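Colleague:
In the UniProt record's numbering, the protein residues as written are 1 to 731.
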């Protein structure tokens with residue numbers, strides 16, 4: 001017989017139960033088969049067979065996927081999801097439940113309410129009074145527990161008591177004695193108890209506490225740095241990035257968790273994410289220190305160091321390490337390095353073209369679509385796909401890539417984590433945690449899981465790397481003393497002033513500026529820096545930590561909490577101020593992760609989380625995603641764009657926390673008191689004093705739009721500039 005299948009899906013609406021709402025999809029499968037073997041001779045197979053020689057059968061099945069529910073219903077659904085054909089539910093729940101429940105609460109519900117076989121027939125699950133039903137329930141619970149231990153064993157790391165793990169072990173001894181599961185939990189408990197507490201930042205910390213006794217932080221010696229081969233530096237940076245990225249706990253990236261790190265009680269929240277950001281900052285600051293740290297360098301020597309870092313960035317691209325690649329590019333585009341116009345004139349044309357191509361990877365066009373597409377394209381590929389528009393660079397790239405292939409070892413992919421943090425922050429801002437009736441909005445968790453799944457995929461790909469640590473380089477990297485913002489800016493001015501300005505005619509200077517200005521990351525352009533030292537601006541993300549002048553752009557970080565990455569696109573001294581953000585005078589956006597500069601610093605805005613243009617239809621987290629049921633996706637509110645009566649704005653507090661932005665969802669029904677109250681709550685301030693504040697939209701560096709007390713914000717705002725606002729105490 002010859003068979004062919006055709007599957008269609010039909011929206012079956014919703015089913016409402018006590019404490020839960022389900023999306024229903026009808027799956028209709030048409031099975032067409034030849035009536036007899038000889039039918040093939042009459043014209044083909046399957047769909048091409050004449051109708052009189054085929055038999056059609058239809059099978060319809062119902063797929064139920066929980067859309068919203070109480071915690072009890074969501075936990076109960078862990079046991080029934082497979083029967084409802086919602087096969088991904090368990091993975092989605094385990095990856096996202098920390099946003100609305102604790103491991104202990106989930107475990108107690110699973111074991112005490114649904115897993116107590118002695119009492120199950122008396123109340124909660126009345127039909128489980130037969131031995132067969134008990135066996136089915138035991139198998140379902142075992143399946144959930146096995147998935148939990150496989151995917152999220154870190155949930156049970158609760159030193160020193162390990163209450164959840166002990167509770168689970170007690171349950172298994174009573175209900176599944178001598179099972180493989182019991183042995184596994186016992187081994188996990190011993191593993192946790194025997195392991196010493198390890199610092200999540202490990203070797204990447206640049207604090208003096210990590211140095212060997214007698215060593216001190218030092219400014220890089222140019223000769224020592226030059227002694228390291230470019231590919232060795234790239235491999236060691238990749239080694240460090242891989243070790244940290246593999247440790248990232250995916251739920252730490254959830255917007256509802258990452259955005260809460262500003263609270264005092266959460267100073268240790270999401271340590272695995274903080275560690276990756278610390279490493280990113282360390283690389284960026286190392287680049288600046290090596291270029292500016294030695295006053296005695298001649299212009300040509302400084303240009304050679306810039307060229308070396310561009311080559312290292314290119315090697316990172318070959319290794320598919322997008323994290324250190326972006327860190328290096330960001331440092332080269334920082335204000336203190338970019339302004340070295342005379343030095344850049346000595347960088348060879350071929351290397352400048354290579355730099356331009358690497359910079360274009362992180363262009364903010366269409367919500368960083370280039371870097372997103374490239375990341376997904378190479379996520380599971382064996383090697384980098386190096387297509388260069390410049391023939392000489394193409395030849396060099398292919399030669400280096402061939403050397404990598406000859407080693408016979410596949411490569412993983414290290415992403416720029418900020419992209420995922422932004423997407424998850426924006427999803428958390430745009431979608432409600434609870435729906436009507438106080439039910440947990442699980443559709444939101446399905447959308448978040450689409451991003452989490454990509455992080456897990458890339459973490460898995462990192463197992464392909466085979467890199468050996470070079471202790472000489474790692475020790476050198478640790479020893480580097482990072483320049484403060486004031487120091488780097490001062491050294492930059494000194495280096496430029498020492499250059500022989502006579503070697504450049506006015507015409508060649510203009511040509512130079514035009515050439516460098518083609519290397520922009522994005523479309524936002526800023527006015528030239530004022531020739532004065534920069535002042536430290538408080539930043540540190542939504543954690544609101546105090547700062548100490550230790551960052552790349554005009555935002556500063558505390559050495560102990562170096563968690564926020566400065567990514568500062570270059571600006572042209574000859575370009576006019578275009579559609580600038582409040583970022584021209586603000587710092588770190590705690591909810592979106594974006595970073596902007598202080599007034600007068602001349603640094604451009606940037607981002608740790610690719611948040612420069614918000615999350616739009618180009619986002620991998622939101623584009624054409626919809627629900628798992630195949631229903632049409634609803635357009636999400638985004639930053640810098642009014643869509644379907646809603647949008648996302650960024651609000652900072654004037655004076656008190658003017659370096660910290662909070663992302664807020666507004667609709668066309670919201671007036672000033674509503675938005676003000678929401679902003680105060682986001683900034684952890686008392687919402688009672690709404691009348692004491694006025695809301696201001698920043699139009700440009702010298703223009704503001706002040707809203708009347710009862711104005712409609714959505715219709716009153718200027719939609720042609722960035723949606724950046726200030727909440728200011730009334731005079």
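Don't be surprised by glycine CBs; every beta carbon is placed ideally from N, CA and C. Source: prediction; values computed, not measured.
Can you tell me which of the three DSSP states residue 731 falls into?
Modeller: Translated into the one-based positions of the chain shown, residue 731 becomes position 731. Three-state result, residue 731: coil.
Colleague: Is it true that the CB of residue 99 sits closer than 9 Å to the CB of residue 338?
Modeller: One-based indexing of the chain shown puts residue 338 at position 338. One-based indexing of the chain shown puts residue 99 at position 99. Not in contact: residue 338 and residue 99 (Cβ atoms no closer than 9 Å).
Colleague: Shortest alpha-carbon distance to residue 420 belongs to which of 437, 491, 141, 456?
Modeller: Position 420 of the chain shown, counted from the first residue, corresponds to residue 420. It is 456 whose Cα lies nearest to the Cα of residue 420.
Colleague: Report, in whole angstroms, the separation of the C-beta atoms of residue 314 and residue 353, which I expect to be a contact under 8 Å.
Modeller: Here residue 314 is taken as the residue at index 314 of the chain shown, counted from 1. Here residue 353 is taken as the residue at index 353 of the chain shown, counted from 1. Residue 314 to residue 353, Cβ: 11 Å. No contact.
Colleague: For the beta strand (DSSP E) that contains residue 464, what are its first and last residues?
Modeller: Working through the chain shown from its first residue, we reach residue 464 at position 464. Where residue 464 is concerned, there is no enclosing beta strand (DSSP E), given that its DSSP letter is neither H nor E.
Colleague: Using CA atoms only, rank isn't needed, just tell me which of 83, 260, 668 is closest to residue 682.
Modeller: Here residue 682 is taken as the residue at index 682 of the chain shown, counted from 1. Checking every option, the nearest Cα to that of residue 682 belongs to 260.
Colleague: Judging by CA-CA distance, which residue of 87, 132, 159, 186 is the nearest neighbour of residue 144?
Modeller: Numbered from its first residue, the chain shown carries residue 144 at position 144. That would be 87, whose Cα lies nearest to the Cα of residue 144.
Colleague: Looking only at its chain, what residues have a beta carbon closer than 7 Å to the beta carbon of residue 227, apart from the 5 residues adjacent to it on each side?
Modeller: One-based indexing of the chain shown puts residue 227 at position 227. Result list for residue 227: empty, nothing under 7 Å.
Colleague: Quick one: Cα of residue 18 to Cα of residue 708, how far?
Modeller: In the chain shown, counting from the first residue as 1, residue 18 sits at position 18. In the chain shown, counting from the first residue as 1, residue 708 sits at position 708. Cα-Cα distance, rounded: 45 Å.
Colleague: What does the alpha-carbon distance come out to for the pair residue 79 and residue 89?
Modeller: Mapped onto the chain shown, residue 79 falls at position 79. Mapped onto the chain shown, residue 89 falls at position 89. Each residue's Cα considered, the two are about 10 Å apart.
Colleague: Only counting the same chain, and skipping five residues up and downstream in sequence, which positions put a Cβ closer than 8 Å to that of residue 684?
Modeller: If you number the chain shown from 1, residue 684 lands on position 684. Around residue 684: 262, 263.
Colleague: Is it buried or exposed for residue 700, if we count other Cβ within 10 angstroms and need 16 for buried?
Modeller: Stepping through the chain shown from its first residue, residue 700 is reached at position 700. Exposed, because fewer than 16 other Cβ atoms sit within 10 Å of the Cβ of residue 700.
Colleague: Helix, strand or coil for residue 286? Go by DSSP, reduced to three states.
Modeller: The sequence position of residue 286 within the chain shown is 286, counting from 1. Residue state, collapsed to three classes: helix.
Colleague: Classify residue 729 as buried or exposed, calling it buried when 16 or more other Cβ atoms lie within 10 Å of its own Cβ.
Modeller: By one-based count along the chain shown, residue 729 stands at place 729. Result: exposed.
Colleague: Just to confirm the assignment: which complete beta strand (DSSP E) runs, minimum length 3, are found wholly within the UniProt domain "N-terminal Ras-GEF" (62-193)?
Modeller: none
Colleague: Does DSSP put residue 28 in a helix, in a strand, or in coil?
Modeller: In the chain shown, the residue the question calls residue 28 occupies position 28. Three-state result, residue 28: strand.
Colleague: Mind checking residue 20: buried by the 16 CB within 10 Å criterion, or exposed?
Modeller: Here residue 20 is taken as the residue at index 20 of the chain shown, counted from 1. It counts as buried.
Colleague: Looking at residue 367: is its Cβ nearer than 9 Å to the Cβ of residue 294?
Modeller: Indexing the chain shown from 1 puts residue 367 at position 367. Indexing the chain shown from 1 puts residue 294 at position 294. The answer is no: Cβ separation not under 9 Å.
Colleague: From the DSSP output, in three-state form, read off residue 718 for me.
Modeller: Counted from its first residue, the chain shown places residue 718 at position 718. Coil at residue 718, not helix or strand.
Colleague: Measure the CB-CB distance between residue 413 and residue 316 and report whether it falls below 9 Å.
Modeller: Position 413 of the chain shown, counting from 1, holds the residue named residue 413. Position 316 of the chain shown, counting from 1, holds the residue named residue 316. Contact: no.
Colleague: Excluding the five sequence neighbours on either side, which residues of its own chain have a C-beta within less than 6 Å of the C-beta of residue 618, listed in chain order?
Modeller: Indexing the chain shown from 1 puts residue 618 at position 618. Reliability of the predicted coordinates at residue 618 is poor, the pLDDT of 36 falling under 50, and no value is obtained from them.
Colleague: When the Cα atoms are used, what is the spatial distance from residue 721 to residue 256?
Modeller: One-based indexing of the chain shown puts residue 721 at position 721. One-based indexing of the chain shown puts residue 256 at position 256. Approximately 28 Å, taken between the alpha carbons.
Colleague: Would you be able to state if there are at least three C-beta pairs under 8 Å between the stretch 282-293 and the stretch 322-333?
Modeller: yes
Colleague: What is the DSSP secondary structure of residue 525, counted as helix, strand or coil?
Modeller: As a position in the chain shown, residue 525 is number 525, starting the count at 1. Bear in mind that the predicted position of residue 525 carries a pLDDT of just 32, short of 50, making it unreliable; the figure below should be weighed with that in mind. Residue 525: coil per DSSP, three-state reduction.
Colleague: With a Cβ-Cβ cutoff of 9 Å, do residue 242 and residue 467 count as a contact?
Modeller: By one-based count along the chain shown, residue 242 stands at place 242. By one-based count along the chain shown, residue 467 stands at place 467. Yes; because the gap between Cβ atoms is below 9 Å, this pair is in contact.
Colleague: With DSSP collapsed to three states, give me the class of residue 709.
Modeller: Counting from 1 along the chain shown, the entry for residue 709 is found at position 709. In the structure shown, the three-state DSSP call for residue 709 is coil.
Colleague: In three-state DSSP terms, what is residue 18?
Modeller: Here residue 18 corresponds to residue number 18 of the chain shown, with the count starting at 1. DSSP places residue 18 in coil when its eight states are reduced to three.
Colleague: Contact defined as beta carbons within less than 8 Å: I believe residue 450 pairs with residue 68. What is the distance between those atoms, to the nearest angstrom?
Modeller: Position 450 of the chain shown, counted from the first residue, corresponds to residue 450. Position 68 of the chain shown, counted from the first residue, corresponds to residue 68. With a Cβ gap of about 18 Å, residue 450 and residue 68 do not count as contacting.
Colleague: Which of the three DSSP states is assigned to residue 639 in this structure?
Modeller: Stepping through the chain shown from its first residue, residue 639 is reached at position 639. Looking at residue 639 - three-state DSSP - the assignment turns out to be strand.
Colleague: Just to confirm the assignment, what range does the beta strand (DSSP E) spanning residue 295 have?
Modeller: In the chain shown, residue 295 corresponds to position 295, counting from 1. No beta strand (DSSP E) contains residue 295, which DSSP labels as neither H nor E.
Colleague: Kindly identify the DSSP beta-bridge partner or partners of residue 648.
Modeller: Working through the chain shown from its first residue, we reach residue 648 at position 648. BP columns for residue 648 point to 639, 665.
Colleague: So residue 192 packs on residue 162, CB below 8 Å; how close in whole Å?
Modeller: To locate residue 192, count along the chain shown from 1; it is residue 192. To locate residue 162, count along the chain shown from 1; it is residue 162. Yes, residue 192 and residue 162 are in contact; Cβ-Cβ is about 6 Å, under 8 Å.
Colleague: Does the Cβ of residue 103 have 16 or more other Cβ atoms within 10 Å, making it buried, or fewer, making it exposed?
Modeller: Reading the chain shown from its first residue, position 103 is the one you call residue 103. In summary, residue 103 is buried, with 16 or more beta-carbon neighbours lying within 10 Å of its beta-carbon over all protein chains present.
Colleague: Ignore the nearest five residues each way along the sequence and tell me which others in residue 671's own chain have a CB closer than 6 Å to its CB.
Modeller: For the purposes of this step, residue 671 is taken as residue 671 along the chain shown, with counting starting at 1. Within the same chain, residue 671 has close Cβ partners 710, 712.
Colleague: Starting from the Cα of residue 452, find the closest Cα among 321, 378, 418, 715 and give me that residue.
Modeller: Sequence index remark: in the chain shown, residue 452 carries index 452 (1-based). Out of 321, 378, 418, 715, the CA that lies nearest to the CA of residue 452 is found in 418.
Colleague: For the candidate residues 445, 498, 326, 148, whose alpha-carbon lies nearest to that of residue 297?
Modeller: Your numbering for residue 297 matches position 297 in the chain shown. Nearest C-alpha to residue 297: 498.
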